Amino acid sequence: FAVLRRLGRGGMGTVYAAFDEQLGRRVAIKILHAGGRSTGQHAPLTLEARAMAQLSHPNVVQVYELGEHEGDPFIAMEYVEGRTLGAWLSEDRPAWQPVLARFIAAGEGLAAAHRAGMVHRDFKPDNVLLGQDGVPRVADFGLARASAEGVAQIAGTPAYMSPEQHEGAPTDARSDQFSFCVALHEALYGRLATIHN
Numbered sequence: 001f002a003v004l005r006r007l008g009r010g011g012m013g014t015v016y017a018a019f020d021e022q023l024g025r026r027v028a029i030k031i032l033h034a035g036g037r038s039t040g041q042h043a044p045l046t047l048e049a050r051a052m053a054q055l056s057h058p059n060v061v062q063v064y065e066l067g068e069h070e071g072d073p074f075i076a077m078e079y080v081e082g083r084t085l086g087a088w089l090s091e092d093r094p095a096w097q098p099v100l101a102r103f104i105a106a107g108e109g110l111a112a113a114h115r116a117g118m119v120h121r122d123f124k125p126d127n128v129l130l131g132q133d134g135v136p137r138v139a140d141f142g143l144a145r146a147s148a149e150g151v152a153q154i155a156g157t158p159a160y161m162s163p164e165q166h167e168g169a170p171t172d173a174r175s176d177q178f179s180f181c182v183a184l185h186e187a188l189y190g191r192l193a194t195i196h197n
């Protein structure tokens with residue numbers, strides 16, 4: 001791979017635009033931060049790759065390869081030219097009809113993950129890439145786990161997390177549905193929903 005430029009940096013890794021010289025295509029490469037070299041810290045990235053590699057859906061970012069460079073794991077995945085759904089919402093301030101249409105498409109990708117037995121655990125507008133073709137693709141399965149594993153740990157983005165995630169309880173597809181609904185409410189009304197006990 002020939003690295004072209006850095007696209008972004010998150011809590012778990014850095015994403016670069018690159019060119020696959022063997023297959024002649026642009027890709028996005030996500031590598032673990034330099035500080036995260038222990039075996040235990042490699043696990044989330046490996047889980048992300050396995051989760052995404054199981055999915056083949058137009059509304060999910062496709063994984064091409066999982067590898068290692070100088071001891072750091074990386075994922076080579078589909079390069080999506082565009083911006084996040086969150087950026088589109090804040091920059092364009094679209095009407096409710098296109099918002100709903102794009103959320104429905106992103107929901108189809110999320111549902112595909114659920115059919116594959118995966119739970120995303122961090123669904124939010126910034127984890128959906130909106131290509132120049134207008135197609136939303138769910139990305140960043142870094143917190144995903146096989147739903148059957150019933151992993152009990154606190155992870156996710158607090159504003160969108162389900163109650164069970166805040167409690168560190170096991171999650172399933174319903175947890176993602178909660179996050180999806182919170183994100184859709186925010187997109188339609190311009191603010192996060194207020195939940196009363």
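Heads up: the sequence shown at position 165 corresponds to 165 in this note's numbering, and the numbers run straight through without jumps. By construction, the Cβ of each residue, glycine as well, lies at the ideal position given by its N, Cα and C atoms. Since the structure is predicted, the reported quantities are computational estimates derived from the model, not experimental observations.
Inter-residue spacing [alpha-carbon to alpha-carbon] between T14 and P158: Here residue 14 refers to the residue found at position 14 when the sequence shown is read from its first residue. Here residue 158 refers to the residue found at position 158 when the sequence shown is read from its first residue. Rounded to the nearest whole angstrom, the CA to CA distance from T14 to P158 is 21 Å.
DSSP state of E167 mapped onto helix, strand, coil: Stepping through the sequence shown from its first residue, residue 167 is reached at position 167. Of the three classes helix, strand and coil, the one that applies to E167 here is coil, per DSSP.
Environment of G109 [buried if 16+ CB atoms lie within 10 Å]: Walking along the sequence shown from the start, residue 109 turns up at place 109. Buried: at least 16 other Cβ atoms inside 10 Å.
For Y160, three-class secondary structure by DSSP: As a working note, residue 160 is residue 160 in the sequence shown. Helix at Y160.
Opposing strand residues paired with L130 [DSSP bridges]: Position 130 of the sequence shown holds residue 130. Bridge partners of L130: R83, P136.
Per DSSP, cross-strand counterpart(s) of E70: For the purposes of this step, residue 70 is taken as the residue at position 70 of the sequence shown. In the DSSP output, where bridge partners are listed per residue, E70 has none listed.
Cβ pair A53, V63 closer than 8 Å: The sequence position of residue 53 within the sequence shown is 53, counting from 1. The sequence position of residue 63 within the sequence shown is 63, counting from 1. Yes.
Per-residue burial, S90 [other beta carbons within 10 Å of its own, 16 or more giving buried]: Translated into positions along the sequence shown, residue 90 becomes position 90. Classification for S90: exposed.
Residues that A61 bridges to, as DSSP identifies them: Numbered from its first residue, the sequence shown carries residue 61 at position 61. This sequence places Val at residue 61; Ala is not what is there. Per DSSP, none; premise fails for V61.
Residue closest to A112, alpha-carbon to alpha-carbon, out of R137, Q165, I29: Here the question's residue 112 lines up with position 112 in the sequence shown. Just measuring C-alpha positions, the residue of R137, Q165, I29 sitting nearest A112 is R137.
Cβ-Cβ distance between I29 and D72 below 8 Å: Here the question's residue 29 lines up with position 29 in the sequence shown. Here the question's residue 72 lines up with position 72 in the sequence shown. In terms of Cβ geometry, I29 and D72 do not form a close pair [threshold 8 Å].
Identity of the residues DSSP links to V15 by a beta bridge: Counted from its first residue, the sequence shown places residue 15 at position 15. Answer is G8, K30, bridged to V15.
G150 versus A173 - alpha carbon distance: On the sequence shown, residue 150 is found 150 positions in, with the first residue counted as 1. On the sequence shown, residue 173 is found 173 positions in, with the first residue counted as 1. The pLDDT assigned to G150 is 48, lower than 50, so where the model puts this residue is not dependable, and the model offers no usable value.
Cutoff 6 Å; reference F74; Cβ partners in own chain excluding five residues on either side: Stepping through the sequence shown from its first residue, residue 74 is reached at position 74. So the qualifying residues of the chain are I29, I31, G67.
Cβ pair F103, L184 closer than 8 Å: Reading the sequence shown from its first residue, position 103 is the one you call residue 103. Reading the sequence shown from its first residue, position 184 is the one you call residue 184. Yes, Cβ-Cβ distance for F103 and L184 is below 8 Å.
Element boundaries [alpha helix (DSSP H), containing P94]: For the purposes of this step, residue 94 is taken as residue 94 along the sequence shown, with counting starting at 1. Following the DSSP letters along the chain, one finds P94 in no alpha helix (DSSP H), marked with neither H nor E.
Contacts around P58, its chain only, beta-carbon distance under 7 Å, and the 5 residues preceding and following it disregarded: Working through the sequence shown from its first residue, we reach residue 58 at position 58. Excluding the 5 residues flanking it on each side, P58 has same chain C-beta neighbours closer than 7 Å at V135, in chain order.
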